[in-house]
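In this text, residue positions in the sequence shown follow the UniProt record's numbering: the first is 1, and each later residue adds one.
Using N, Cα and C, we set each Cβ at its ideal position, and we do this for glycine too.
Reviewing the structure listed below.
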Amino acid sequence: QTLGLDSLNVQKAYDVQATVENSVKLDTSALTADAIKGGVTGATTAGALKDGKVYSNGTDYYVEVSFADATDSGKNGFLKVDVNTTTGAVTVPAAAANTVAAKPAGVAEVTEVQGLNTPSSAVQDQLTAAGVSAADAAKSEVVKMSYTDKNGKTIDGGFGVKVGDDIYAATKNKDGSISINATEYTDKDGNTKTALNQLGGVDGKTEVVTIDGKTYNASKAAGHDFKAQPELAEAATATTENPLQKIDAALAQVDALRSDLGAVQNRFNSAITNLGNTVNNLSEARSRIEDSDYATEVSNMSRAQILQQAGTSVLAQANQVPQNVLSLLR
């Protein structure tokens, strides 16, 4: 019997915002005249960034360069460049490359690092291993989480991976990569399993996991052995409307249980007392029986001794009769 407090929850729902993570600005300050000269194969004069724009097809980045000197004017065109996805710094390639005269197909002007909102293949593998379809995993997005409480205060919520309407809790690693938080547990068959942490619960920011159709707080499910202990309190799904009333009801239930336990304890005490009296009575009866048996045996022994002595006396007298007869005959 429980007190019904496992579902007690006084948390309030936050206003959850999930913003697509794509906010690293591109920085072309490293593309100096000398840097462009060194980055273009065969260039001997200083180059320039023609319009200051960066173009991308979603994977590769390009800038348009130009040379004022007629010696290198034939090298005017688009140069493929490198981009640091963490800082947004745009640099010429380590090895000099040729420019192309025409704008590469499929490119468009961009001002931010591309693809930050696209999870890595490792993250997509995590999703598919957890039962998410490959198509949905491919459409997933890395999002920046923030939460606003009822007082209008906004707090940073870290990162998440959004798949449809579901958001998985994620961590940004030191190398800038994203990985989904996971919880390891032992299932009802004794096998070690891993479940991905989703953002949910009453407040919308608690990490929860779904195991066998039930939702648990990730912190409670971590390391839990469902084979040894099948029962585990599920995560609260709603804010308790009147928590004090529920607590009062639980206290009343405790009082009732204490009364019941007190009555049972009194019955046990009475039974123990009765058993003690019974033991004493049995001990006394045993003593009386032993005393009675002793008196009987002593009486029997005395009777046997008397009979033995009487028999001995009669036998002695019988032995004297022949002697007396012989004496008379003489």
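If you ignore the 5 residues before and after T45, its C-beta comes within less than 8 Å of the C-beta of K37, F67, A68, D69, T71, D72, all in its own chain and listed in chain order. In the three-state DSSP reduction, L328 falls in the helix class (H, G or I).
Pairing D60 with K80, the inter-Cα distance amounts to about 7 Å. Apart from sequence neighbours up to five positions away, the residues of its chain that approach G160 with a beta-carbon distance below 7 Å are A18, V143, M145, I167, Y168, A169, A170, L199, ordered along the chain. Excluding residues up to 5 positions away in sequence, G200, V208, V209, E234, A235, T237 lie with their Cβ nearer than 8 Å to the Cβ of T215 in the same chain.
Looking at the DSSP output, Y61 shares a beta bridge with S56, V81. Bridge pairing for N217: V208 [DSSP].
Within its own chain, the residues whose Cβ lies closer than 8 Å to the Cβ of N197, once the five positions on either side in sequence are excluded, are Y168, A169, I180, N181, A182, T183, E207, V208, V209, A218, listed in chain order. When beta bridges are read from the DSSP output, A169 appears opposite G160. A48 and A33 do touch by the CB rule: their CB atoms are close to 6 Å apart, below 8 Å.
Rounded to whole angstroms, the gap between the alpha carbons of T99 and V92 is 12 Å.
The continuous alpha helix (DSSP H) containing V123 extends over residues 121-129.
Straight through space, the alpha carbons of A252 and V279 are spaced by roughly 41 Å. For a cut-off of 8 Å, the C-beta gap from V110 to Y55 is around 7 Å, short enough to register as a contact. The three-state secondary structure of V107, taken from DSSP, is coil.
The Cβ atoms of K188 and K227 lie closer than 9 Å to each other.
Note: M145 is bridge-paired with A18 in the DSSP secondary-structure output.
Per DSSP, K193 is one residue of the beta strand (DSSP E) stretching across 192-196. One Cα belongs to G190, the other to Q124, and the distance between them is close to 27 Å. Contact check for Q114 against G52 fails: the beta carbons are separated by 9 Å or more. Remark: C-beta atoms of G88 and K25 approach each other more closely than 9 Å. Per DSSP, reduced to three states, the secondary structure at A233 is coil, with no helix or strand assignment.
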